[in-house]
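Chains A and X, in that order, give the protein sequences. Those letters in the first sequence? Residues 175 to 454, by my numbering. Those letters in the second sequence? Residues 6 to 250, by my numbering. Built from N, CA and C at the ideal position, the CB exists for glycine as well. No experiment lies behind these values; they were computed from the predicted model shown. So the structure is just underneath, and the comments pick up after that.
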Amino acid sequence: METPDIAAGLRPLDISTSSRAYLEAMWRRRDFAVAMPAESVRARHQNTFLGNVWHLVNPLLTVAVYLIVFGGLLGVNRGIPNYLLWLTTGVFAYRLTSNCVLGGATSISANLGLMRAVRFPRALLPVSVVIGEVMTFTFELGAVALVALGTGEGISRRWLALPLVLVVHSMLNLGGAFIAARLNDSYRDMQQIIPFVFRLLQFLSGVMYPIERYLNTSHAWLHRLIVWNPIVRILDLYRWVFLGTPINPMETLQSILLCAAILVIGFRFFVAAEYRYGRQ
Amino acid sequence: MSPDPRQLSIRATDVTVDYEVRGDAKGGLRARLVDRSASRTTLVHAVRGVTFDVREGEAVGLIGFNGSGKSTLLSALAGVLPVTSGEVLVAEEPRLMGVGAALLSQASGYRNIRLGCLALGMTADEADDRVDELVEFTGLGEAIHRPLNTYSSGMRARVHFVLATAITPKILLIDEALAVGDRRFRATSRQRIEEIISGAGTLLMVNHSLPELRTYCERALWLDEGLIRLDGPIDEVIEAYSAEG
């Protein structure tokens with residue numbers, strides 16, 4: 175009774191099984207990924223007097239605290255020319271990673287309303303967090319550049335490499351944001367744990383002191399954690415840009431590959447649970 | 006009876022939907038660690054195997070008692086809730102209009118509409134072209150620039166309706182959303198829905214007002230505890246349903 179072709183135009187609802195269709199659907203919504211963080215920034219600072227100025231003041235105050243403790247009190251700045259700039263670079267760059275991953279973790283739960291109203295590739299939520307963080311980070315880089323000029327470093331041709339460094343850094347951050355987003359959707363407790371993970375990582379990433387000095391630890395796992403920590407190499411790249419500290423090309427290449435791998439793994443890990451997001 | 010030549014727009018085959026409810030802890034932390042079945046999430050079998058076809062130009066009402074799985078089924082057809090087993094095939098991306106969700110509650114209605122358009126896949130230019138017309142359609146006047154969390158449910162429904170129909174959908178799913186609107190909004194939205202259906206669109210609608218359902222739909226599905234109890238012309242289904250009720 176049924177003519178066979180009435181179902182001819184039908185297709186499955188689920189597109190997350192095809193990476194290509196999924197990426198295309200994301201690309202079509204690129205304007206959304208850019209407009210979205212602007213909204214959250216607006217919402218976040220609506221009620222504070224200084225508003226977006228806090229984006230700069232907050233990390234600068236952090237730099238001041240570390241300068242007093244690690245530079246003044248503990249004296250780890252021995253042997254580091256221009257410790258202020260060295261520290262500033264580390265604090266700002268490290269903060270970008272931790273902001274991206276923590277923001278990625280909450281990107282699903284913070285947008286349940288939007289997810290229930292409109293269907294779109296959910297990966298756009300962590301992506302838009304990272305885009306937003308990168309946009310504010312470019313202003314912060316301006317502050318780092320001012321510190322560089324103020325401490326007599328002068329403008330360098332190496333600054334031209336900054337966009338490339340930021341691309342590598344963003345691959346890592348986006349991969350981390352994807353992983354944190356899925357984990358936090360399954361286990362809401364993650365949100366509480368992630369800040370502590372990043373506090374530990376901060377000490378293992380050479381933000382306030384050169385981590386190489388402590389490589390001869392008696393704990394093999396700690397040694398491995400430091401050597402494989404991609405953030406260490408990323409901070410090296412920023413310090414090479416602003417301070418001209420030498421970098422090892424082989425290690426740099428390794429860390430680029432590692433960041434790319436984390437991005438791909440993170441993306442696949444996130445999309446594999448696409449249809450679970452926001453279903454509570 | 007001659008076969009209906011119209012193309013299918015939705016084919017649901019043996020669809021089941023379970024979802025988890027969180028925060029309904031049966032015991033303390035120790036119970037959760039010791040006994041996995043005392044976990045924090047409860048599994049709800051909301052839709053337990055439904056099969057049906059919907060054709061282009063068809064308007065179907067979903068009726069059933071509270072908790073019979075109507076809203077869950079609509080969410081699954083819209084792709085915002087995953088099906089646990091079975092398959093949903095669609096001719097076009099379905100658009101769901103619900104009431105519960107606030108989009109970005111701190112942003113204004115205007116910004117929500119623009120952002121919603123972008124999430125639907127419009128470019129920034131396209132969204133800017135459309136947003137004024139959509140805002141006009143909501144009839145919210147100056148209130149459109151107030152944050153969404155100051156809106157009444159009827160005002161929010163207007164924003165949702167505009168988003169659900171911003172890109173003329175081939176498949177429109179409406180979950181109780183029109184019920185909260187006032188008479189004027191119901192009249193304008195009705196006109197828009199009829200335009201969509203007459204353009205070979207498809208409507209699936211949950212509405213507890215049976216007379217209203219009858220004005221939109223010619224066919225009804227009666228869902229009872231996650232299963233289809235009756236599928237047929239709306240008058241027959243309503244009659245059987247009312248006899249039960």
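If I measure Cβ to Cβ from L259(A) and keep anything under 8 Å in the same chain, skipping five residues before and after, which residues do I get? V318, V321, A322, T325, E327, F416, L417
For the alpha helix (DSSP H) holding G200(X), just list the boundary residues, first then last. Rather than Gly, the amino acid found at residue 200(X) in this sequence is Glu. Start and end: 188-203.
In chain order, what residues of the same chain have a beta carbon less than 8 Å from the beta carbon of R135(X), not counting five sequence neighbours either side? C122, M127, A171
State the Cα-Cα distance for the pair R119(X) and A132(X), rounded to the nearest angstrom. Straight-line spacing of the CA atoms in R119(X) and A132(X) works out to 6 Å.
What are the residues of the stretch 67-90 of chain X that lie near chain A, defined by any Cβ-Cβ distance shorter than 9 Å? Legend: CB atoms of the stretch 67-90 of chain X lying less than 9 Å from CB atoms of chain A belong to residues S80, A81, L82, A83, G84, V85, L86, P87, V88.
For V438(A) and M175(A), the rounded distance between their alpha carbons: Low confidence applies here, because M175(A) scores a pLDDT of 48, under 50, leaving its location unreliable and the question unanswered by this model.
Over what stretch of residues does the alpha helix (DSSP H) that includes R395(A) continue unbroken? In the sequence under discussion, the amino acid at residue 395(A) is Trp, which differs from the Arg named in the question. Its alpha helix (DSSP H) spans residues 394-402.
E200(X) beta carbon near the ligand FMN (any heavy atom closer than 7 Å): Of the ligands one can find in the structure shown there are none, so the ligand FMN has no counterpart to examine.
Within the continuous alpha helix (DSSP H) that includes A225(X), where are the two ends? Careful: A225(X) lies outside any alpha helix (DSSP H), inside the beta strand (DSSP E) at 224-229.
Closer than 8 Å to chain X by CB, I180(A): Yes, I180(A) lies at the interface with chain X (some Cβ there is under 8 Å from its Cβ).
Within the stretch 238-301 of chain A, note down every full alpha helix (DSSP H) run reaching 4 residues or more, in order along the chain. Here the runs fully enclosed are 257-280, 286-291.
Can you tell me which of G278(A), N251(A), I180(A), D363(A) puts its alpha carbon nearest to the alpha carbon of D58(X)? I180(A)
Is DSSP giving R326(A) helix, strand or coil here? Note that residue 326(A) is Gly in the sequence shown, not Arg. Here G326(A) sits in coil by DSSP.
Between the alpha carbons of T89(X) and N117(X), how many angstroms are there, rounded? 31 Å
For the stretch 191-214 of chain A, enumerate the residues whose C-beta is nearer than 9 Å to any C-beta of chain X, in chain order. A199, R202, R203, R204, D205, F206, A207, V208, A209, M210, E213, S214
Could you tell me which residues DSSP pairs with F57(X) in its beta bridges? A17(X)
Cβ shell of R332(A) (< 6 Å), same chain only, five flanking positions each side left out: V415
Output, in chain order, the set of chain A residues within a Cβ distance shorter than 8 Å of H165(X). A291
Determine whether the Cβ of L145(X) lies closer than 8 Å to any Cβ atom of chain A. Closer than 8 Å: no.
Cβ separation of V301(A) and C274(A), assumed to be a contact under 8 Å, to the nearest whole Å: Not confirmed; about 10 Å, so no contact.
DSSP puts H50(X) in a beta bridge; with which residues? D23(X)
Backbone CA spacing between R202(A) and V85(X) [nearest angstrom]: 19 Å
Considering Cα atoms alone, identify which of V265(A), R296(A), Q366(A), L427(A) is closest to P384(A). V265(A)
Do the stretch 400-409 of chain A and the stretch 368-385 of chain A touch if we need at least three Cβ pairs shorter than 8 Å? yes
Tell me, please, whether the CB atom of T170(X) is closer than 8 Å to any CB atom in chain A? no
Which stretch, first to last residue, makes up the beta strand (DSSP E) that contains I100(X)? The amino acid occupying residue 100(X) in the given sequence is Arg; Ile does not appear at that position. Run containing R100(X): 99-102, per the beta strand (DSSP E) assignment.
Decide yes or no for the touch test of the stretch 427-434 of chain A against the stretch 337-347 of chain A: beta carbon pairs closer than 8 Å, at least 3 of them. yes
At least one CB of chain X closer than 8 Å to the CB of L357(A): is that the case? no
Closer than 8 Å to chain X by CB, R296(A): no
I'd like the span of the alpha helix (DSSP H) that includes E141(X), first residue to last. Where E141(X) is concerned, the enclosing alpha helix (DSSP H) starts and stops at 129-143.
Within 10 Å of its beta-carbon, does F370(A) have 16 or more other beta-carbons around it, so buried, or fewer, so exposed? exposed
Neighbourhood of G277(A) by C-beta, 6 Å cutoff - its chain only, sequence neighbours within 5 removed: Once the five neighbours on either side are set aside, the close Cβ partners of G277(A) are V303.
Just list the residues that DSSP pairs P238(X) with in beta bridges. R224(X)
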